[in-house]
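Encoded as structure tokens, the structure appears first; notes follow it.
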Amino acid sequence: MKKCKVALIMVGIFFLMSMLSTGAMAKQLNFSSWLPPGHPIVADMMLPWMENVKKATDGRVDITLLAKGLGHPKAYFDIVKNGMADAGYTCNAYSPGRFLLSEGVELPFLGNSAEANSVAYWRTYKKYFEKADEYKGVKLLGVMTHGPGQIHNSKKVAQSIADLKGMKFRVPGGIAAKVAASLGIVGIQKPASQAYELLSRGVADGVVLPLESIKSFKITKVVPYTTLVPDGLYNVSFYLVMNKDTFNSFSAADQKAVMAVSGEAFAKLAGRAWDAADRVGLADMKANGNSIETASKAFIAEIKEATKHLEEDWIKKANGKGVDGSAALKFFRGQVANYDVIN
55 MKKCKVALIM
65 VGIFFLMSML
75 STGAMAKQLN
85 FSSWLPPGHP
95 IVADMMLPWM
105 ENVKKATDGR
115 VDITLLAKGL
125 GHPKAYFDIV
135 KNGMADAGYT
145 CNAYSPGRFL
155 LSEGVELPFL
165 GNSAEANSVA
175 YWRTYKKYFE
185 KADEYKGVKL
195 LGVMTHGPGQ
205 IHNSKKVAQS
215 IADLKGMKFR
225 VPGGIAAKVA
235 ASLGIVGIQK
245 PASQAYELLS
255 RGVADGVVLP
265 LESIKSFKIT
275 KVVPYTTLVP
285 DGLYNVSFYL
295 VMNKDTFNSF
305 SAADQKAVMA
315 VSGEAFAKLA
325 GRAWDAADRV
335 GLADMKANGN
345 SIETASKAFI
355 AEIKEATKHL
365 EEDWIKKANG
375 KGVDGSAALK
385 FFRGQVANYD
395 VIN
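Take any residue in the sequence shown, count from 1 to its spot, add 54: that is its number in my numbering.
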């Protein structure tokens, strides 16, 4: 009988060790999204990142997308900080004044590739912005920018500031809202998910969005006129964060593994997905017969003149937070320009 009990104990110990070694004791984490599962941000960026985390930790960190988001996009920093969700993301512009330094990578004419911009953003964050600790209270896992923002409207081809003056556009806030105001546009700050409702009801005449968003938010038919601004009218920056207690509960090895597939690796993954989604969005607009024109040299010169104060203002604000704004922008631009070489 004693031998039988000993044997059963040994089997139990072996079973427990097997569960631990195979990741059966994995940490089950939840991830909240304010966009639907089919949106490129979720389908092509967040879900692949979650799978990368699971693989990197041999299943010990397993993140699951919640069936329904937990709140408004502007609330996501606090949703994660307070532990309502283990991880989540949103764009900095939805919290005006909270993330000042990120506005530097949202300025006009910074580049045509979300991948290059996103990787440059992470590198700039680590070199210049991190010390300001704007994400205090959570663990910042990654940053990205969407593709270059463009001009889309329901009225006419826009080739001058005069063409845009007085038009009502849905804008995301942050630098994009300031750019729009500088061009004489009346801004309506609402989430992009409300763009179709605003346009179809005539509340808005247009939007400033990357090409991806025209298809993703199903507004191809209600904004038949697009003006492409080389290197982008603006960018919108996003952050990916995890609850600090959740991250600290991981072993040192798993923390290292999670960061190995986050940070720059996430920026590259997300940026590349943005660029691909922009190509899909452009193809959809062309298939619908939309008018797509590139901004003339005269229009570009107008935009640069009207928005040049934004860079000057941001540099002053960055300096006020102890960050050399001019050096940070120079570094960012250099990283974008040389991305293909150093990638």
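Ideal placement from N, C-alpha and C gives every residue a C-beta, glycine not left out.
It should be emphasised that the depicted structure is a prediction, and the values quoted were computed from it without experimental measurement.
Span separating the alpha-carbon of residue i from that of residue j
{"i": "valine 134", "j": "serine 156", "result": "19 Å"}
{"i": "alanine 170", "j": "methionine 221", "result": "32 Å"}
{"i": "aspartate 187", "j": "phenylalanine 153", "result": "10 Å"}
{"i": "asparagine 136", "j": "phenylalanine 292", "result": "19 Å"}
{"i": "tyrosine 179", "j": "glycine 201", "result": "19 Å"}
{"i": "glycine 203", "j": "alanine 306", "result": "39 Å"}
{"i": "glycine 325", "j": "phenylalanine 353", "result": "28 Å"}
{"i": "threonine 144", "j": "aspartate 259", "result": "25 Å"}
{"i": "aspartate 112", "j": "alanine 311", "result": "10 Å"}
{"i": "alanine 330", "j": "valine 295", "result": "24 Å"}
{"i": "glutamate 105", "j": "lysine 128", "result": "26 Å"}
{"i": "alanine 321", "j": "tryptophan 103", "result": "10 Å"}
{"i": "aspartate 378", "j": "alanine 372", "result": "7 Å"}
{"i": "alanine 327", "j": "serine 172", "result": "11 Å"}
{"i": "lysine 272", "j": "histidine 93", "result": "11 Å"}
{"i": "glutamate 366", "j": "leucine 83", "result": "42 Å"}
{"i": "lysine 81", "j": "methionine 99", "result": "21 Å"}
{"i": "aspartate 299", "j": "serine 270", "result": "34 Å"}
{"i": "lysine 181", "j": "serine 380", "result": "13 Å"}
{"i": "asparagine 398", "j": "glycine 228", "result": "The structure shown has nothing for residue 398, since the chain only spans 55 to 397."}
{"i": "glycine 241", "j": "leucine 195", "result": "31 Å"}
{"i": "alanine 97", "j": "proline 90", "result": "9 Å"}
{"i": "tryptophan 88", "j": "alanine 249", "result": "15 Å"}
{"i": "leucine 282", "j": "aspartate 308", "result": "43 Å"}
{"i": "serine 254", "j": "tyrosine 279", "result": "15 Å"}
{"i": "asparagine 342", "j": "serine 247", "result": "21 Å"}
{"i": "glutamate 251", "j": "tyrosine 148", "result": "19 Å"}
DSSP state of residue i mapped onto helix, strand, coil
{"i": "alanine 224", "result": "One point to set straight first is that residue 224 is arginine, not alanine, in the sequence displayed. DSSP places arginine 224 in strand when its eight states are reduced to three."}
{"i": "glycine 343", "result": "coil"}
{"i": "valine 240", "result": "strand"}
{"i": "leucine 252", "result": "helix"}
{"i": "glycine 142", "result": "strand"}
{"i": "valine 192", "result": "strand"}
{"i": "threonine 361", "result": "helix"}
{"i": "threonine 178", "result": "helix"}
{"i": "threonine 76", "result": "Here the model assigns threonine 76 a pLDDT of 40, short of 50, so the residue's position is not dependable and the matter cannot be decided."}
{"i": "valine 185", "result": "Here residue 185 turns out to be lysine, not valine, going by the sequence shown. It is helical."}
{"i": "alanine 170", "result": "helix"}
{"i": "proline 91", "result": "coil"}
{"i": "leucine 124", "result": "coil"}
{"i": "lysine 375", "result": "coil"}
{"i": "leucine 323", "result": "helix"}
{"i": "leucine 287", "result": "coil"}
{"i": "glycine 317", "result": "helix"}
{"i": "serine 247", "result": "helix"}
{"i": "glycine 335", "result": "helix"}
DSSP bridge partner residues for residue i (one or two, in chain order)
{"i": "asparagine 84", "result": "Thr118"}
{"i": "methionine 198", "result": "Phe292"}
{"i": "asparagine 207", "result": "Gly260, Tyr279"}
{"i": "lysine 272", "result": "According to DSSP, lysine 272 bridges with nothing at all."}
{"i": "asparagine 2", "result": "Since the first residue of the chain shown is 55 and the last is 397, residue 2 is not available in this structure."}
Continuous beta strand (DSSP E) stretch holding residue i: start and end
{"i": "glycine 260", "result": "260–263"}
Candidates the options, of which the one nearest residue i by Cα
{"i": "leucine 364", "options": "Asn297, Tyr189, Gly158", "result": "Gly158"}
{"i": "valine 225", "options": "Glu266, Asp217, Ala234, Met313", "result": "Ala234"}
{"i": "isoleucine 29", "options": "Asp308, Val173, Ala121, Leu161", "result": "An answer regarding residue 29 cannot be provided, because it is not within the stretch 55 to 397 covered by the chain."}
{"i": "histidine 206", "options": "Tyr148, Gly191, Glu266, Glu366", "result": "Glu266"}
{"i": "serine 316", "options": "Pro94, Tyr393, Ser247, Val197", "result": "Val197"}
{"i": "threonine 361", "options": "Phe131, Lys122, Gly286", "result": "Gly286"}
{"i": "proline 245", "options": "Arg255, Val261, Phe163", "result": "Val261"}
{"i": "lysine 210", "options": "Ser345, Lys370, Ala349, Trp368", "result": "Ser345"}
{"i": "phenylalanine 386", "options": "Trp176, Lys122, Leu124", "result": "Trp176"}
{"i": "glutamate 318", "options": "Leu120, Thr199, Tyr148, Val192", "result": "Thr199"}
{"i": "glycine 125", "options": "Ile117, Thr118, Ala139", "result": "Ala139"}
{"i": "tyrosine 189", "options": "Ser350, Gly343, Asn297, Asn342", "result": "Asn297"}
{"i": "alanine 212", "options": "Ser167, Thr348, Val115", "result": "Thr348"}
Residue range of the alpha helix (DSSP H) that includes residue i
{"i": "alanine 382", "result": "379–391"}
{"i": "leucine 101", "result": "101–110"}
{"i": "leucine 154", "result": "Element bounds for leucine 154: n/a, residue is neither H nor E."}
{"i": "glutamine 309", "result": "306–314"}
{"i": "alanine 349", "result": "Element bounds for alanine 349: n/a, residue is neither H nor E."}
{"i": "leucine 218", "result": "215–218"}
{"i": "phenylalanine 450", "result": "This structure leaves residue 450 out entirely; the chain is present only between 55 and 397."}
{"i": "isoleucine 95", "result": "Element bounds for isoleucine 95: n/a, residue is neither H nor E."}
{"i": "aspartate 132", "result": "130–135"}
Proximity test, Cβ basis, 8 Å: residue i and chain C
{"i": "alanine 97", "result": "Absent here is chain C; the protein component of the structure consists of one chain."}
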